[in-house]
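Working notes, structure below.
There are 2 protein chains.
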Amino acid sequence: MFRRMRLKNLNNVMLLMLMLLLLQAAAAKVRHYKWEVEYMYGSPDCIENVVMGINGQFPGPTIRAQAGDTIDVALTNKLSTEGVVIHWHGIRQKETPWADGTASISQCAINPGETFRYRFKVDKPGTYFYHGHYGMQRSAGLYGSLIVEVEDGKREPFHYDGEFDLLLSDWWHQSSHHQEVSLSSKPFRWIGEPQSLLINGRGQFNCSLSSSSTLPKCRFRGNEPCAPQILHVLPNKTYRLRIASSTALASLNLAIQNHTMLVVEADGNYVKPFAVQDIDIYSGESYSVLVTTDQDPSRNYWIAIGIRGRNATTPQALTILNYHPTSASHLPPSPPPVTPLWNDFQRSQSFAQKLYALMGTPAPPATFHRRLVLLNTQNLINGFTKWAINNVSLTLPSTPYLGSIKYKLQNAFDPKSPPESFTAEYDVMKPPVNPNSVTGSGVYMFEMNQVVDVILQNANVLKGRSSEIHPWHLHGHDFWVLGYGEGKFDAKRDEKKLNTKNPVMKNTAVIFPYGWTALRFVADNPGVWAFHCHIEPHLHMGMGVIFAEGVDQVKYIPSEAITCGLTGKMLATTNTTTVH
Amino acid sequence: MFRRMRLKNLNNVMLLMLMLLLLQAAAAKVRHYKWEVEYMYGSPDCIENVVMGINGQFPGPTIRAQAGDTIDVALTNKLSTEGVVIHWHGIRQKETPWADGTASISQCAINPGETFRYRFKVDKPGTYFYHGHYGMQRSAGLYGSLIVEVEDGKREPFHYDGEFDLLLSDWWHQSSHHQEVSLSSKPFRWIGEPQSLLINGRGQFNCSLSSSSTLPKCRFRGNEPCAPQILHVLPNKTYRLRIASSTALASLNLAIQNHTMLVVEADGNYVKPFAVQDIDIYSGESYSVLVTTDQDPSRNYWIAIGIRGRNATTPQALTILNYHPTSASHLPPSPPPVTPLWNDFQRSQSFAQKLYALMGTPAPPATFHRRLVLLNTQNLINGFTKWAINNVSLTLPSTPYLGSIKYKLQNAFDPKSPPESFTAEYDVMKPPVNPNSVTGSGVYMFEMNQVVDVILQNANVLKGRSSEIHPWHLHGHDFWVLGYGEGKFDAKRDEKKLNTKNPVMKNTAVIFPYGWTALRFVADNPGVWAFHCHIEPHLHMGMGVIFAEGVDQVKYIPSEAITCGLTGKMLATTNTTTVH
Chain A
540 MFRRMRLKNL NNVMLLMLML LLLQAAAAKV RHYKWEVEYM YGSPDCIENV
590 VMGINGQFPG PTIRAQAGDT IDVALTNKLS TEGVVIHWHG IRQKETPWAD
640 GTASISQCAI NPGETFRYRF KVDKPGTYFY HGHYGMQRSA GLYGSLIVEV
690 EDGKREPFHY DGEFDLLLSD WWHQSSHHQE VSLSSKPFRW IGEPQSLLIN
740 GRGQFNCSLS SSSTLPKCRF RGNEPCAPQI LHVLPNKTYR LRIASSTALA
790 SLNLAIQNHT MLVVEADGNY VKPFAVQDID IYSGESYSVL VTTDQDPSRN
840 YWIAIGIRGR NATTPQALTI LNYHPTSASH LPPSPPPVTP LWNDFQRSQS
890 FAQKLYALMG TPAPPATFHR RLVLLNTQNL INGFTKWAIN NVSLTLPSTP
940 YLGSIKYKLQ NAFDPKSPPE SFTAEYDVMK PPVNPNSVTG SGVYMFEMNQ
990 VVDVILQNAN VLKGRSSEIH PWHLHGHDFW VLGYGEGKFD AKRDEKKLNT
1040 KNPVMKNTAV IFPYGWTALR FVADNPGVWA FHCHIEPHLH MGMGVIFAEG
1090 VDQVKYIPSE AITCGLTGKM LATTNTTTVH
Chain B
540 MFRRMRLKNL NNVMLLMLML LLLQAAAAKV RHYKWEVEYM YGSPDCIENV
590 VMGINGQFPG PTIRAQAGDT IDVALTNKLS TEGVVIHWHG IRQKETPWAD
640 GTASISQCAI NPGETFRYRF KVDKPGTYFY HGHYGMQRSA GLYGSLIVEV
690 EDGKREPFHY DGEFDLLLSD WWHQSSHHQE VSLSSKPFRW IGEPQSLLIN
740 GRGQFNCSLS SSSTLPKCRF RGNEPCAPQI LHVLPNKTYR LRIASSTALA
790 SLNLAIQNHT MLVVEADGNY VKPFAVQDID IYSGESYSVL VTTDQDPSRN
840 YWIAIGIRGR NATTPQALTI LNYHPTSASH LPPSPPPVTP LWNDFQRSQS
890 FAQKLYALMG TPAPPATFHR RLVLLNTQNL INGFTKWAIN NVSLTLPSTP
940 YLGSIKYKLQ NAFDPKSPPE SFTAEYDVMK PPVNPNSVTG SGVYMFEMNQ
990 VVDVILQNAN VLKGRSSEIH PWHLHGHDFW VLGYGEGKFD AKRDEKKLNT
1040 KNPVMKNTAV IFPYGWTALR FVADNPGVWA FHCHIEPHLH MGMGVIFAEG
1090 VDQVKYIPSE AITCGLTGKM LATTNTTTVH
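In structure tokens form, the structure reads like this:
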């Protein structure tokens, strides 16, 4: 209204231009949030339990912003004895590496009672989420959606009439504290598969929405905290579903009965649209799909989410696509879509290989400056079961890297750079001949603007014949996914197959069992960045590496981010007269 | 041997004196410990659970030292996301107030991965213990014994042939994390009574040692982690039992079948010996009793520990006094001693009133300079159930007081001193007329060497007609227990009844239901000191106050103790050129 009135009454071109500038400035908002993190009772899957919530909500509040906005979150830790951080998954944190929210990497954990102010720009529209990045607090329920819309005056390269945000997660009845102890025990105890899958923090453990299940049928009025959120739609419209997976472990598959989905976005990057009946989504990934409500409006349709990639008996998460004017209480007349076989990895690869960048997406540099070949193995260290990368299992230091590298502190982490590849003799198809590995906290340091290729090489697990799925997530960057392959990567044979023309950009990419995945990125973001398996227990067991570039160019780190460990000591001891 | 040889061969008086000096110096040792705190699996009561352990042990290792020794513990936090501290219960920390191990009070919690060095003198022989003092980490199992023997050449004022250390605790199957959430929930959820009582970390939940129990009989080989530690004794000897209670909640009673106990020490202070058939011991207290093995050696005898003061159904903890040469596997032929009725408070008071200082113990100053009358009430704050003292429920600040007071920081805690008494109209026999109270972090500041009297005044709980037991523990000092009374303390009537002649010195004293307890201490120890109900959930709910004296005289605080909160910021911002 304001805009129109002014345009009618004013003709002066100068004034108009000034106004447009002002409007643009006004559009790029600073969005302020005051959040308190604490444990609370909840019933995510209808079984009462303790969850980690923000401002009394689980999942945490959704942040909705526009590209160019600044997000300003004053995060207060209301936990009793635990530190906390929040990672803004998919946000590259250009010029704010200290706000990446990774404990021991970008900042000191926020102590109980303290408030830390995250302040960063969301520079790219897309479907993102946020989550805890300390211990296993993501498993405890610390996550929420972060949606970045296009800025005013710009358009998405597709049309839709309405939108739904689906944040997917998995849930255990055993506390994340207990799980951590299991994973760190000798003998090792695996946490097992999740009891439930959740859609926006809601699942059903002891009942099913569908009468075709062996579970008793759920009786919901709809206001129960574990009742499903129904997707109410009008016929003959197009809806955007923003789907993000914050699972601790599960690789998911989502299908909507009778409806085709058009995939248009992956990890905050536009993709060449392609139609599918179901999508695979791994922990750390996000997708936007368009769904056209062109089916019979006199009935409803199941939305079903199930586990793939692991042999789990966890029931599907279900909700309903409810066509107006059909009542939401009319259950779909046929059973929910069946999740594809968990171990049909050909099918999984086929889905992954349908992803190409939308035209106009920057292509990768034609060649790389440096290539890391990262072998993923399950190992033993002093009898403890760990994951290791090129035989090094990541143990995070107590002093965050960003501060210790910036201030060139000694003894903050292993000064030796970890290995860039593994021995040619290693047989990725068999259990390790020598299962022993070592722990380490070394850093891969890159020259600024170096073009880095990473070959993620999967292998057989510690015992028996099997290989697991690992979705690897890179902080601070998007990467191009150059390709996937089976067996051991062979540069001579495989390099020419890599797609450097129109590869999709993502921040999370999976390695399939016994396979490899080739990624390329430009080390153009001064900071220290985790690159790790997004399966939280795997990261807890050491499955990650640390990348750093241009830390000397980092202009600002708030002192609150480094008042711990050796950087804390550095700050304190420069002022010995006050202390003693 | 060394000493004798030298004495034979040397006659020079000067050399002898020098040697004695050297020997004395050698006797006052520095005892070094390297401890790692972490969660681990354990079966304290034969039910597997997660416990907090030190160096893989639960309870933590016993420290055994001599008066005058220095204890040096390098404590490494191996927890995943939680801070940790250890309080050395009963040690006065003269000149080392920063080593008292109270999070938010004497130090910043030690962050995961960090090592903090506690270094303090144990200046007085006695039976002490140590425990976590952050959140509810004591409930989680973070405790152990700390025994200080007399220095070389000195003698205890009683004789004994052997010694046993019994550290008593209570145990819940629900995790302390879960309990914390319950206590902080609206509506409030009480944690209930413990599932088991433990002696040196060992109890039996699903079975009983005694066949007179309704539980099935335990079948132990003896090496099970929950098998009882048997007390193996020779006939006709005198044994010292050092008994300390680290319970989170339970008030205990201990009896040894057919044996009289001679109480000789309480909380590290000698008492006028008195004989009893059983002793009451509250959380935070310690006693030494002498037991003479003058009974029939052809059988064994039960040692039974049960709950008093609360109407609990928790089974007794049992172990056996095993006379040589009778086999330990011969169970006592008669049932274990029955714990006196839980609500026979006359009996409890009678026990408490048997305690007098051993002759030679310093008498209290005849008069006080300042008197605090501290009303203990259960209240509501914004619908949350809390405990309050003179209507203020303690909430600890994120910046430890010791640093913020020493460096005169603003806004670190409530600048207003909390009330020194309560309104004369308050009826302690009834639920509060106005249940609302406030949270606060104010400090009672004392002049150095001020003689302070504290009247702890009990009252009716929030609802219904009842009043609970609260054992109050003072850090940094012993106090004289001047007396106990029923109903509301009336200075005119009650003051003349106080014992200022030979009152026992303690660091923990109980207030009985609807009663008062009068204490006197000298504020002669520069530092900041918690004074609180030792029931851990009660402290968590705000049942404590903060005392401070002579903080300007504190000469040294290690920077590691204050690198958090506003003191951390103070240290960091004095050095802005480095940070930005």
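Taken in sequence, the protein lines are chains A and B.
Convert by adding 539 to the 1-based position in the first sequence; the result is the number in my numbering.
Convert by adding 539 to the 1-based position in the second sequence; the result is the number in my numbering.
In this text, a Cβ means the ideal position worked out from N, Cα and C, and glycines have one as well.
Figure out for me which residue from the options has the closest Cα to the Cα of residue i.
i, options, result
"Ala927(A)", "His1009(A), Leu801(A), Tyr667(A)", "His1009(A)"
"Leu722(A)", "Met675(A), Val687(A), His908(A), Leu685(A)", "Met675(A)"
"Leu1037(B)", "Gly1024(B), Phe884(B), Asn1046(B)", "Gly1024(B)"
"Gly1054(B)", "Thr1039(B), Ala1062(B), Asp1029(B)", "Asp1029(B)"
"Val828(B)", "Gln989(B), Pro970(B), Leu894(B), Gln888(B)", "Leu894(B)"
"Leu614(A)", "Trp711(A), Pro583(A), Ala648(A)", "Ala648(A)"
"Leu933(B)", "Phe1070(B), Thr858(B), Ile1050(B), Lys617(B)", "Phe1070(B)"
"Lys1040(A)", "Pro903(A), Leu685(A), Gly692(A), Arg741(A)", "Pro903(A)"
"Gly640(B)", "Leu913(B), His1014(B), Val810(B), Gln605(B)", "His1014(B)"
Which residues share a DSSP beta bridge with residue i?
i, result
"Phe668(A)", "His628(A), Ser684(A)"
"Tyr1023(B)", "Thr1056(B)"
"Tyr940(B)", "According to DSSP, which records beta bridges pairwise, Tyr940(B) is partnered with nothing at all."
"Cys757(A)", "Cys757(A) is not bridged to any residue."
"Arg847(B)", "Ser790(B)"
"Lys925(A)", "Asn918(A)"
"Gln768(A)", "Paired residue(s): none; Gln768(A) is not in a bridge."
"Trp1068(B)", "Phe1086(B)"
"Phe985(A)", "Glu1088(A)"
"Ser825(A)", "Ala783(A)"
"Ser1145(B)", "The structure shown does not extend to residue 1145(B), since chain B is modelled only from 540 to 1119, so the question has no answer here."
"Val815(B)", "Met800(B)"
"Asn975(A)", "Leu919(A)"
Which of the three DSSP states, helix, strand or coil, is assigned to residue i?
i, result
"Lys573(B)", "strand"
"Leu880(A)", "coil"
"Trp1011(B)", "strand"
"Thr1115(B)", "With a pLDDT of only 43 at Thr1115(B), under the threshold of 50, the placement of this residue in the model should not be trusted; the figure read from the coordinates follows. Correct three-state label for Thr1115(B): helix."
"Gly1104(A)", "helix"
"Lys1035(B)", "helix"
"Met1109(B)", "helix"
"Ala867(B)", "coil"
"Arg728(A)", "coil"
With burial defined as no fewer than 16 other Cβ atoms inside 10 Å of the residue's Cβ, what is the status of residue i: buried or exposed?
i, result
"Trp1068(A)", "buried"
"Tyr1095(A)", "exposed"
"Met1080(B)", "buried"
"Val972(B)", "exposed"
"Arg542(B)", "Low per-residue confidence applies at Arg542(B): pLDDT is 41, beneath 50, and the placement is therefore not dependable, though the value from the model is reported in the following sentence. Per the 10 Å Cβ criterion, exposed."
"Leu880(A)", "exposed"
"Ala998(A)", "buried"
"Ala1057(A)", "buried"
"Asp992(A)", "buried"
"Lys547(A)", "The predicted position of Lys547(A) is uncertain, since its pLDDT is 45 and thus under 50; a value taken from the coordinates is nonetheless stated next. Flag for Lys547(A) reads exposed."
"Asn637(A)", "Checking the displayed sequence, the identity of residue 637(A) turns out to be Trp instead of Asn. Buried, because 16 or more other Cβ atoms sit within 10 Å of the Cβ of Trp637(A)."
Can you determine whether any heavy atom of the ligand ATP sits closer than 7 Å to the C-beta of residue i, and answer yes or no?
i, result
"Lys756(B)", "This structure lacks the ligand ATP; in fact it carries no ligand of any kind."
Just confirm the distance between the C-beta atoms of residue i and residue j, as a whole number of angstroms; I'd bet it's less than 8 Å.
i, j, result
"Asn975(B)", "Asn915(B)", "Incorrect: roughly 16 Å between the Cβ atoms, too far for contact."
"Pro714(A)", "Val589(A)", "In the sequence as presented, Pro is not what sits at residue 714(A); that position holds Ser. Confirmed, about 7 Å."
"Leu793(A)", "Pro733(A)", "In fact, because the Cβ distance is near 16 Å, the residues do not count as touching under 8 Å."
"Pro664(B)", "Glu688(B)", "6 Å"
"Asp608(A)", "Val661(A)", "6 Å"
"Ile769(A)", "Asn650(A)", "That belief does not hold up - the Cβ atoms of Ile769(A) and Asn650(A) are roughly 41 Å apart, past 8 Å."
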